[in-house]
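Here's the structure, in structure tokens; my notes come after.
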Amino acid sequence: MSCSSSSGSEEENEGIESYRKGGYHAVRVGDSFAGGRYIAQRKLGWGEFSTVWLAYDTKSSNYVALKIQKSAPQFAQAALHEIELLSAIADGDPTNSKCVVRLVDQFKHTGPNGQHLCMVLEFLGDSLLRLIKYNRYKGLELNKVREICKCILIGLDYLHRELGIIHTDLKPENILLVSTIDPAKDPIRSGYTPILERPEGNPNSGVTLNVIEKKLKRRARRAVARISERRASMGGVVRNPKPERSLNGINVSCKVVDFGNACWANKQFAKEIQTRQYRAPEVVLRSGYSFSVDMWSFACTAFELATGEMLFTPKGGQGFDEDEDHLALMMERLGKMPRKIAIGGARSKDYFDRHGDLKRIRRLKYLPLDRLLVDKFKFSDTDAREFSEFLIPILDFAPEKRPTAQQCLQHPWLNINLTHNEEKNETSLEKEFDINWNLTEMWDFSLAWGWLG
Ligand code: ATP
Ligand code: MG
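The sequence shown begins at 1 in UniProt numbering and counts up by one.
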């Protein structure tokens with residue numbers, strides 16, 4: 001379908017208006033699906049197309065995520081497409097080790113709003129967006145970023161090289177941790193007893209009450225926040241800033257999810273793809289795209305994990321639109337776009353003159369990535385240099401020059417933690433130095449041999 005919304009499921013709820021014919025199916029805790037096999041336990045999330053529920057699989061005695069699609073024909077068609085891709089993904093990965101979500105089952109469910117296609121997926125934890133928020137937008141420790149990057153790259157390498165699938169909407173929200181941040185939210189780790197039948201009570205209360213309750217709670221929270229702000233501004237007690245949170249003990253293994261917008265590389269159907277902030281320049285300029293658009297989004301995601309802030313947040317302004325601002329921001333960070341690329345897209349004439357300069361945004365404030373990391377995000381010079389050396393080739397304006405996921409997996413930056421770990425004995429340090437030196441050498445070698453270009 002069309003390009004996705006920026007971050008729908010991070011809104012508080014999916015809105016009661018979409019529970020109508022053609023829309024979402026209203027689910028209550030204890031509802032059963034597929035002839036009684038799956039029992040709804042609690043809502044996990046929602047998107048433009050679906051609501052997703054934690055369900056208990058009475059056949060396998062496992063917890064699963066039940067994605068229930070809206071029922072209108074365009075949503076059903078999108079679900080069929082997603083199921084086709086998810087089936088190929090599952091078939092090609094029998095050991096479930098490729099860091100991509102697994103489809104377990106599928107069925108149709110008929111309810112008052114129509115017939116809904118349902119996907120049964122392995123149950124995963126919180127999204128990376130939730131992890132960034134949990135960490136109070138501070139930027140994760142680089143060793144955690146490295147671990148997460150490796151998982152994403154394994155997933156992308158599998159999708160791209162083995163299956164020929166482009167995700168087209170890679171972003172923190174669409175990458176889920178394998179386990180929940182809060183162990184109490186994990187039905188297995190918390191020792192939760194599954195609900196096997198609908199609890200007693202008003203049969204019509206389900207969704208409506210839930211949504212109304214949440215709205216009221218939100219209003220109450222806002223009112224409390226306003227009162228304390230007013231008190232603070234009147235010279236009252238100023239609230240302490242929230243204490244930092246530790247991510248120690250949180251497992252950061254993760255998987256790529258949400259194939260609602262994904263496509264086969266040889267059967268593309270949308271020109272406008274990717275969520276705005278993660279969108280590659282060739283998509284903005286309509287120059288055609290391939291697997292390397294996911295690599296661009298990957299680099300934007302890695303930056304966000306390490307800093308807590310999005311790499312590009314374009315906004316329209318006086319006399320220029322969001323696209324032109326986006327191109328300007330890219331050039332301020334990555335240098336001038338080569339003229340041939342700038343003028344090569346179907347939309348190029350809207351933004352660039354024949355010299356390859358932007359038409360309306362004339363003065364650019366260049367600040368290279370490594371400087372930004374030091375000046376704004378207080379990285380050490382070494383961390384900034386090493387991280388930029390990893391990211392910059394992936395953010396090449398020329399899509400064909402970007403390294404593939406497979407090549408990125410060889411990059412020495414992903415293994416730096418081995419050398420930087422202080423509590424090492426000398427022998428192991430020596431060994432690791434050798435490993436890293438070899439990796440660095442391999443990377444230079446690959447550059448020299450043009451694997452990247
Ligand atoms: P979008 O509008 O992003 O295209 P969508 O309707 O296709 O949304 P998804 O993004 O697949 O739906 O899922 C919506 C939300 O449900 C996710 O953001 C996540 O919070 C939750 N979710 C999805 N799959 C799982 C899973 N396997 N395990 C746990 N939670 C999940
Ligand atoms: Mg999504």
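Glycine residues also receive a C-beta, built at the ideal position from the N, C-alpha and C atoms. Keep in mind it's a predicted model, so treat the numbers as computed, not measured.
Query	Result
Cβ-heavy atom distance, K133 to the ligand ATP, below 7 Å	no
S105 - DSSP class collapsed to helix/strand/coil	It should be pointed out that residue 105 corresponds to Asp in this sequence rather than to Ser. Strand.
Backbone CA spacing between L177 and D375 [nearest angstrom]	31 Å
Cβ-based neighbour list, E162, same chain, cut-off 7 Å, excluding 5 preceding and 5 following	G92
Residues that I165 bridges to, as DSSP identifies them	W264
Cβ shell of K59 (< 7 Å), same chain only, five flanking positions each side left out	R37
Distance, N135 Cα to E244 Cα	7 Å
Secondary structure of F291, DSSP reduced to three states	coil
For L124, the nearest candidate out of I39, N251 and T301 (CA to CA)	N251
S290 versus R402: straight-line alpha-carbon distance, rounded	11 Å
Same chain, Cβ closer than 7 Å to G319, five either side skipped, listed in chain order	R360
Residues near A78 in its chain [Cβ-Cβ closer than 8 Å; skip 5 each side]	M1, F49, Q69 and G260
Check: D258 C-beta below 7 Å from any heavy atom of the ligand ATP	yes
Bridge partners - K43, DSSP secondary structure assignment	W53
First and last residue of the uninterrupted alpha helix (DSSP H) at N143	L142 to D157
N- and C-terminal bounds of the alpha helix (DSSP H) containing L85	P73 to D91
A262 CB to nearest heavy atom of the ligand ATP below 7 Å	no
R198 beta carbon less than 8 Å from that of R42	no
W296 Cβ short of 7 Å to the ligand ATP heavy atom set	no
Closer than 7 Å: A398 CB and nearest the ligand ATP heavy atom	no
Limits of the unbroken alpha helix (DSSP H) element including Q274	Unbroken run through Q274: none, as it is neither H nor E.
Three-state class that DSSP yields for L364 in the structure shown	coil
Delimiting residues of the beta strand (DSSP E) encompassing Y63	N62 to Q69
Environment of P73 [buried if 16+ CB atoms lie within 10 Å]	exposed
Cβ-based burial, Y278 [other Cβ within 10 Å; buried from 16]	buried
8 Å contact criterion, which A40 and G30 should meet: CB distance rounded	7 Å
For K359, three-class secondary structure by DSSP	coil
is_contact[I392, chain B] using C-beta, thresh 8 Å	No chain B appears in the structure shown, which is made up of a single protein chain.
At least three beta-carbon pairs within less than 8 Å, the segment 145-154 to the segment 404-418	yes
Contact set for L44: own chain, Cβ-Cβ below 7 Å, skip 5 residues either direction	V52, W53, L54 and A65
Endpoints, alpha helix (DSSP H) assigned at C408	A405 to C408
Residue 460 Cβ short of 7 Å to the ligand ATP heavy atom set	Because the chain spans 1 through 453 in this model, residue 460 falls outside it and cannot be assessed.
Buried/exposed call for N425, threshold 16 Cβ in 10 Å	With a pLDDT of 43 at N425, under the threshold of 50, the predicted position of this residue should be treated as unreliable, and no value is reported.
Same chain, Cβ closer than 7 Å to L358, five either side skipped, listed in chain order	E324, L327, A328, Y351 and F352
Distance between beta carbons of E322 and P314, contact taken as under 8 Å	5 Å
Nearest neighbour of D169, chosen from D258, K271 and L395 [CA to CA]	D258
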